[in-house]
Amino acid sequence: MLWFVLFVSVLWSCLMNTGPAQGYFHEERWSPESPILAPRVMIALICRNAQHSLPHFLGTIERLNYPKDRIAVATDHNFDNTTYLLRDWLINVQKLYHYVEWRPKEEPRKYHDEEGPKEWTNERYAYVMRLRQAALESAREMWADYLMMIDCDNLLINRDVLWKLIKENKTIVAPMMESRAAYSNFWCGMTSQGYYKRTPAYIPMRKQVRRGCFAVPMVHSTFLVDLRKEASRLLAFHPPHPDYTWAFDDIIVFAFSARMAEVQMFICNKETYGHLPVPLRAHSTMQDEADMRNPPVEPSRYLPRPVKRPDKMGFDEVFMINLKRRADRRERMLRALREQEIDCKIIAAVDGKAMNISEIHAMGIHMLPGYSDPYHGRPLTRGELGCFLSHYNIWKEIVDRGLKTSLVLEDDLRFEIFFKRRLQNLMSEVESEGLDWDLIYIGRKRMQVDRREKAVPNIRNLVEADYSYWTLGYMMSLQGAKKLLEAEPLSKMLPVDEFLPVMFNKHPV
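Mapped onto mature numbering (1 follows the signal peptide of the UniProt record, and there is no 0), the consecutive letters of the sequence shown carry residue numbers -23 to -1, 1 to 486.
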């Protein structure tokens, strides 16, 4: 468990006059007042077994818009390289920070009653509560104005988040952290026993349909405490309040403490502030957590980048389609693939909007007579033309190179957790069953949702695809690519996500 403290002092830029004041007599002249010191902020991080996320977390801390002043670090039971990473980082940044306190604790490496490194036992809860309480007391002893608690797997991507939270002027306020699911760092409801309660208010707030700063019974993982407020002196993580009878859990204990101190918690969802992972099960491994990392952010520039060994996951080729003018998408995809150690070949997408009629006719392209979009009633667009040609060129390369299996990805997809492992497991089952296949969607939009798709026997998570849209990602066999080319699609062109269902006889028209 890592207790990471960043103590900060920042200057308010509040002076209107920067030059010396003028007086009639020499002795009446004076220099302007100096800037006012901004509130002092201590940032405390609780972290355990965080080797996979720590470089990215520290990168987000480095990029926050305030100067570094003082840091203290403590760590406990670690399975991985967390302590050594922190030590290396501190050595490299110590000149940037005013003060570094190093308190590592490596042994024992686990709690005696835990099933796995992600399990929360009573012993672990107690230790975390003591660490958080120590951070709270240290902030008070340093006369810090604010205490910011951040879990080390929470990635703050909004560089001004600290200033924005201070501006809210709340005793306890949290930035809403986003995840790949409905999970976030706040509750809208709590039972009389202190447990989570579903409420109709949660989803509109989580999806930012309602935006603002809202009073809630619980915030956790990342939040700011205003230590200038008188009521904050009654807040505590450990020991629990004398009247406490709820579950032994650090976030519930603190929420009860806030309730007894008559301090309201608030969640702010006005902007995108950052990301957090969905909690794993107790028996989950460190590799499980590494596989479900949030959208990629740049790691710390003061740590060496971990060695990546990308591969093609058993495919003969992995293609990634990208328009040259969309460098932002290309960079995001390459970072995401690099984090998952996936090697790819970038395919320059055909820009249909840049093609003229002469070029189209020279390629032997003719639209399917009478075609109109089944939902919008319009003809094929130039964008759809370019998209089709981009995929068509890949099918040609598959056949020309004799690639038995290939993976095709578009640059606007989002990866699900455990993507690489799940895809490799799927391919292993496909091979062991000797399945005869041409195309397997891995990213699509189901269009026939009123009936269930037929499951493929003995292969988990695989069905016979019905009418589908989108070509975000799919696997293509050599025989499948040959069949698509033999259909001579350029002479009767359709959008690619209409053409494919026609080829596997699932188009409704």
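Virtual Cβ for every residue (Gly too), placed ideally from N, Cα, C.
Thr168 counts as exposed, since fewer than 16 other C-beta atoms from the protein chains shown sit within 10 angstroms of its C-beta. With 16 or more other Cβ atoms inside 10 Å of its own Cβ, Lys147 counts as buried.
Rounded to whole angstroms, the separation of the alpha carbons of Trp223 and Met195 is 14 Å. For the pair Asn370 and Val327, the Cα-to-Cα distance works out to about 9 Å. Pairing Arg187 with Asp388, the inter-Cα distance amounts to about 30 Å.
Taken atom to atom, the span from the alpha-carbon of Thr98 to that of Ala192 is near 30 Å.
DSSP links Ile244 through a beta bridge to Ala151, Phe191.
In its chain, beyond the 5 residues on either side, Thr59, Cys129 have a beta carbon closer than 6 Å to the beta carbon of Ala27. Distance check between Asn299 and each of Ile324, Leu253, Arg378 places Ile324 closest, using alpha-carbon atoms only.
Considering only Leu35, Tyr102, Glu100, Tyr43, the residue with the shortest C-alpha distance to Asn69 is Leu35. Judged by DSSP in its simplified three-state form, Trp164 adopts strand. Remark: three or more beta-carbon pairs, one from each stretch, lie closer than 8 Å, so the stretch 304 to 319 and the stretch 383 to 401 are flagged as touching.
According to DSSP, residue pairing for His252 in a beta bridge involves Leu132, Glu155.
The shortest CA-to-CA distance from Lys45 to any of Ser30, Ile23, Phe476, Arg17 is the one to Arg17. A direct Cα-to-Cα measurement between His218 and Leu253 gives close to 29 Å.
About 5 Å separates the Cβ atoms of Thr37 and Leu132, confirming a contact at the 8 Å cut-off. Straight across, the Cα-Cα distance linking His343 with Gly457 is about 23 Å. With fewer than 16 neighbouring CB atoms inside 10 Å of its own CB, Glu118 falls in the exposed class. In this structure, DSSP gives Lys322 an extended state, which the three-state scheme calls strand.
Taken in chain order, the complete beta strand (DSSP E) segments of 3 residues or longer contained in the stretch 426 to 459 are 445 to 454.
If you draw a 10 Å sphere on the C-beta of Trp164, you find 16 or more other C-beta atoms in it, and that means buried. A distance below 7 Å between beta-carbons, with the five flanking residues on each side excluded, links Glu275 to the following residues of its chain, in chain order: Gly36.
Here the stretch 411 to 420 makes contact with the stretch 447 to 467; the two share three or more CB pairs at distances below 8 Å. Taking the Cα of Glu100 as reference, the smallest distance to any Cα among Arg136, Leu201, Phe225 is reached at Phe225. Inclusion of Pro32 and Arg282 in the CB contact set at 9 Å is warranted, their separation being smaller than that value.
Taking 8 Å as the upper bound for CB-CB distance, Glu155 and Thr249 are in contact here, some 7 Å apart. Residue state for Tyr179 is assigned as helix, using DSSP reduced to three classes. Of Leu477, Val230, Leu211, Leu41, the smallest CA-CA separation from Lys422 is found for Leu477. Of all C-beta pairs linking the stretch 103 to 111 to the stretch 198 to 217, three or more are shorter than 8 Å, placing the two stretches in contact.
Between Asp220 and Met242, the C-beta gap is not smaller than 9 Å, which leaves the two residues out of contact. Looking at Lys460, Lys459, Lys469, Met480, the one whose alpha-carbon comes closest to that of Tyr444 is Met480.
Taking the C-beta atoms as reference points, Ala112 is found nearer than 9 Å to Met126. In this structure, the alpha-carbon of His338 lies about 27 Å from that of His484.
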